[in-house]
Each structure stands twice: as structure tokens, then as C-alpha cells.
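Residue numbers (this note's numbering), protein chains in the order written: chain B, 8 to 287; chain U, 33 to 352. Yeah, the Cβ is synthetic: ideal placement off N, Cα and C, and Gly gets one too. Source: prediction; values computed, not measured.
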Amino acid sequence: METQELNKIASQVRRDIVRMVCECNSGHPGGSLGCTDFLTTLYFHEMKHNPANFSMNATNEDVFYLSNGHISPVWYSVLARSGYFPVSELSGFRKLGSRLQGHPSTDKNLPGIRMASGSLGQGMSCAIGTALTKKLNNDDSIVYSLHGDGELQEGQIWEAALYAAGNKVDNLISTIDYNGRQIDGDLDDVLPMGNLVQKWQAFGWEVLEMDGHNIDEIKATLAKAKSFVGNGKPIMIVMTTEMGQGVDYMMGTHKWHGTTPNEEQLADALGQLEETLGDY
Amino acid sequence: MIETAEIEVLGNKDTRSGFGEGLLEAGKQNENVVALCADLTGSLKMNAFQDEFSNRFFQVGIAEANMMSMAAGMTIGGKIPFTGTFANFSTARVYDQIRQSIAYSKKNVKICASHAGLTLGEDGATHQTLEDIGMMKMLPNMTVIVPADFNQTKQATIAIAKHEGPVYLRFGRPKVPIFVQPDANFQIGKADTILKGTDVTIVACGHLVWKSIEAAKELAKQGISAEVINMHTIKPLDAQAVIDSVAKTGCIVTAEEHMINGGLGESIAQVLSRNTPTPQEFVAVNDTFGESGTPDELLTKYNIDTPDVVKAALDVIKRK
């Protein structure tokens, strides 16, 4: 898909995000806005998937795991805009009886979701499992996973990192949302993570870097990552992003990680984001 | 003296070996069966499966959290993963992984847990989980199975491969008498009445089933007729089997190699209090950790051996 079209979709997704979290006065807008360009490009440009006919087994389809499940608003919006479920359901986010739980779940059979997430650090292991099953099934489609940078503080991530490299899980493309911020503050203040690129290289991964807000670069990097599939190494993209990207007052701080805009702030945010596909 | 039907002893084997044989058989029956192990292949008796189906066996190293979530991920595409490690590392260490990715996400993963309870022996309390049944039965969507001997563990392993949904299968380390027939039809959620009796009901699981059979023989010498039920499935519990039995006997003993809090006895107490309040005595570990020792020494010290079942039966009969 043309970059111009993807940018239009991303603008609408950002509108969806701020409207969703404002409506229920709950949720995580900062990371959601930061990963909007990536998830839009992944779902509308890169992934081989079948939104009209969701299947849990994903035979011959690419699979995506959102390991940092708290940024569910961006995933829900991208899934709905891709055609997995009606866009009107976005208004139910975090409300009683809705399929759009605060964190992603399979419990209410929301199409597009194959695993609950939210308790951090587990999604890479899940992705490895699915990648292994694809190999056993001679299914050459790809498994993607997305992780927060703060999430890398969970020990299980590094168990998974060891396993994937040691066992040549080379049909897995993971991405880190490297925004340098987490709920309590800057990553370097909470728990310094050191050099992420070198860490993943040392663990035996093929590591790429990209600007998570340049859709041309995202497209090119995903294409390059795909070219490494089958080369004997798992692939990691360290994606630099800005938490709150697209809404000026949410950028440059960790404070909008789990805080929601009020009506006035919402109007301000919507004024900065073009309505391109029609609000839900 | 009351005659008890003689229970034939068919051999003496560890239940984990029943798991190993059952896993191999399940693997032969269904090519979607895969196995994962966290560096305890020999202890879990998974070598036969590993040798026969090397491409379907995944050695994950000492990384149980990764193993559980990987198993959940492997179900996407139709695999039926069996995870293997000690019971403590199959539950307490990975509870959140199981909760989120397996139970809540309703994945078809079989959590196979060896060396459960005090009979792990000399390794001591760090490895002797006595809380695992409680933790696993509290998870919605989880089936919890504690087979009694080698044959039943083998049958249960084959049965859970055919059952859709998360399962916790708990077994142990020591060699114990075999009394379940090799061709028995294992049904998840259906209790086995091993001895029929009229004075007291004894409901047990795992290694305590044989102890309860021994206790029934001792009680018979004292003129007491005990009904012994093997409750191999803790969840879903065969409530009707319990209700029907106490209608006859009017009192009940529960026996398990587990903490009194959260175990089989507690599940049965809930059934009885709701349906037919009945005097109950608990043979279980009383809110304490274990310690190093031989399995037999530990069962004696922590009051979950044959004489303890006998005493509990005599006590509960007095409360009728």
C-alpha cells in the first residue's frame, strides 16, 4: 500500500485511540500512539492475513502477538479498520460486556486475537511456540511479536531470547517499541537497559533498527527483516518511537503512559489528527 | 470380621513411568502430540518419546516460564503440547504464564508434573510441592487429574491427549503398587469405586489410594466396612459419586498427598456442605512444609500414611 494511504489510516487509528481511552476514562494512550505507524504498516502493508475469515490456527497466515498488551487501543483500532470486527465495537473498549477487554483476550472470541496478554514478558515465548508449529506444519508464513522496552525487564524475555537463537527460530520477527519510557519514568531512571542492539546481537539475533514514525522506513525495514527469514537466526527490530506520537502535549514525557485525556484535551488532540476514514 | 474383596497387586512401578509410556503411545496415536521438557527428560521418563519423535520433542533448558508460554503458542496450528518438569516448577514457578496463556486463553496444553508431594523424598521442601492441586484447581478452564498408579497414569496420559482443553496431570517419583487393570477405561471426571462398603467412605487420590485400600483391609479386621473411591479427577469433581456414597455410609475421610488447604478434601467438603452436610476427616498435610527423608518416613511423620487413614475413619465414624 502507498505510504500516503498508510499515513491516512494511521491518523484515523490515532483518533480512534484517543477517543477510546477518553470515553472510558481508562487505558494507555502513550504507547498506543507510539506504535500506530508500525502496526498500521504491518497489518495494511506487510502481513499475509485474512481478516474476513479469522481462524485461530492461522494456517498459511502470518501471526502477530502483542506482548505489551496494555497498548490494546492501537491493536483494536488496527484490527477493526482491517476488517476483523465492526469499527463500531471500538466504543465498547473497557466497558462491561464488551469483547474489547482492557488487555487483549481470547475469552470473548474477538477476531484477530489468539492469546491473552497484559502480564508482561510472555508474548515472545508464545510467538516462538507458534513459529515452531509453523515449521512442523511446513507452513512458511511468519510470526511477528511486539514488545515494550520496559517489558524487556522481565526475565522470561531473555529465556525466550536464548531459546530462539539457540534453536534457530528464524521465522520470527520481533520488534521492540524503544520509546525510552515506562510508567514510573524514563527507562534509564527506572532500570537502565544498556545497549539494546548489542544485547540482542550478543544473544545471537539478527538485529535491525528503524524509525517507528517513518512509514517508508518501516516498510523497507520489514522487507529487509523478511529477507532474513530462513537464515538460521531470529530477527529483532529495535524501533525508535516517541510515546504519545501525534498529540503534542503527550510527547516528551512518560506521563501519558496510563493517563487519559479529558474532553477538552480530547478536542485538542483530535484537532491535531485528521479524520480520514470516518470516526467510529 | 468383614471380608474385603481382594485387590490384586499387578506390580510395583513409579507413576512417572506410566506417564512416559502413555506419552509415547499418545505420540503414536496422534502426530500433533508434541512434548517440551525443561532439562528433566530422564526424571520425567520422556526419553522414549524423544527417541521415537525427535522432531516433535523440544528441550527448552532450565526455563520453565518460556516452556509454558511456548506450549501455549504451539497450539496455534493444532499441536497438542505436553510439558514436563517437576510439579513445583510446573505450577508455582509458572503460575502467571499458565493463568494468562493457557487457562484464560483456553489453550490445549497438557501440563505434566512429576515428583509431586512428600514422596519426592530426600530433595526436601524446596521441591516437595503440596500446594499444586489447589493452585491448579482454582484456575477456570483447568482440568486437574491425579492418577493412582502406573497403569492409571498411562491411561490418563493417553486420555488427556484426546481431551480438548488445558489439563494438569500430577504424578510422582516412587515405585508404588499397581492395582488398576491395564485395560481399564479411564474416564476424566468419573470416579472409580474400588471397594464397596457401608460404614465409612474413603475418597483418595494419587499415592493415597493404595494407602486407603490398605486402611480398608485394616478396618475390616475391626469389623468396619469401608467404601474406597479413587477420585483421580479433582476437577471436574465427580460430586455424584461422593453424594451417593455418603448416603450409604453417613461419614467420609479424604486422603491426599497435599496440603489440607486447597486439596481434594476441600473440594469434597464444598460438595457436601452444599448438598448433604456430612462428618468429614482430612488426611492431608497440615499447613506445614515438608523436609528431607525417605518417602515412607515422610508419609509417617506428616500423618498421611495408612494408620492415619485408619484413625481418621475411626474418628469420623464416632461423629455420625
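V41(U) is classed as exposed because its beta carbon has fewer than 16 other beta carbons within 10 Å across all chains shown. Fewer than three beta-carbon pairs drawn from the stretch 292 to 303 of chain U and the stretch 116 to 125 of chain U are found closer than 8 Å, and the two stretches are therefore not classed as touching. Against chain B, the beta carbon of K111(U) has neighbours under 9 Å at G136, L139, T140, L143 and N144, listed in chain order. The beta carbon of V197(B) is closer than 6 Å to those of Q189 and D191 in its chain, skipping five residues each way along the sequence. Of all residues in the stretch 123 to 134 of chain B, only A123, S124, G125, S126, G128, Q129, G130, M131, S132, C133 and A134 place a beta-carbon less than 9 Å from a beta-carbon of chain U. For the stretch 110 to 123 of chain B, the residues whose beta carbon sits under 8 Å from a beta carbon of chain U are, in order, S112, T113, D114, R121, M122 and A123. Beta-bridge analysis with DSSP links K45(U) to V208(U).
Taking the C-beta atoms as reference points, L55(U) is found nearer than 8 Å to T189(U). Secondary-structure assignment with DSSP links T286(U) through a beta bridge to V235(U) and F314(U).
Residue contact check for Y334(U) against chain B: no CB pair falls below 8 Å. Put simply, the CB of Y185(B) is far from chain U, with every gap to its CB atoms at 8 Å or more. Taking 9 Å as the upper bound on Cβ-Cβ separation, chain U lies near residues M63, N64, A65 and T66 of the stretch 48 to 69 of chain B. DSSP places Y200(U) in the strand class (E or B) of the three-state scheme. Using a Cβ distance threshold of 8 Å, A301(U) and D270(U) do not count as a contacting pair.
In the DSSP assignment, S137(U) falls outside any beta strand (DSSP E) and carries neither an H nor an E. Taken atom to atom, the span from the alpha-carbon of G162(B) to that of G128(B) is near 7 Å.
Scanning the stretch 58 to 141 of chain U from its first residue to its last, the whole alpha helix (DSSP H) runs of 4-plus residues come out as 79 to 84, 96 to 106 and 119 to 122. Q187(U) carries a helical assignment under DSSP once its states are collapsed to helix, strand and coil.
With fewer than 16 neighbouring CB atoms inside 10 Å of its own CB, S234(B) falls in the exposed class. Taking 8 Å as the cut-off, the Cβ atoms of A258(U) and L227(U) count as close. Under the three-state reduction of DSSP, D69(B) is assigned to coil, being neither helix nor strand. The beta carbon of Q129(U) sits closer than 8 Å to some beta carbon of chain B.
Considering only beta carbons, the part of the stretch 113 to 145 of chain U lying closer than 7 Å to chain B consists of D128, Q129, Q132, S133, Y136, S137 and K138, in chain order. For Q163(B), the neighbours in chain U by C-beta distance under 9 Å run, in chain order, A95, A97, N98, S101 and Q129. At least one CB of chain B lies nearer than 8 Å to the CB of V92(U).
Counting only the Cα atoms, N145(B) lies some 9 Å from N67(B). A104(U) belongs to the set of residues whose beta carbon lies under 8 Å from a beta carbon in chain B. Interface criterion met: the Cβ of I108(U) is under 8 Å from a Cβ in chain B. I349(U) counts as buried, since no fewer than 16 other beta carbons sit within 10 angstroms of its beta carbon. For D195(B), the secondary structure class from DSSP, reduced to helix, strand or coil, is helix. By the neighbour-count criterion, in which 16 or more other beta carbons inside 10 Å mark a residue as buried, I94(U) falls on the exposed side.
Nearest neighbour of G105(U) by Cα position, chosen from N174(B), G136(B), A274(B) and Q272(B), turns out to be G136(B). L107(B) and T113(B) have their C-alpha atoms roughly 10 Å apart.
DSSP places Y256(B) within a helical segment (H, G or I) once states are collapsed to three. Here T161(U) is actually not in contact with A103(U); their C-beta atoms are around 19 Å apart, not less than 8 Å. Annotation: the continuous beta strand (DSSP E) that includes Y185(B) extends over L179 to Y185.
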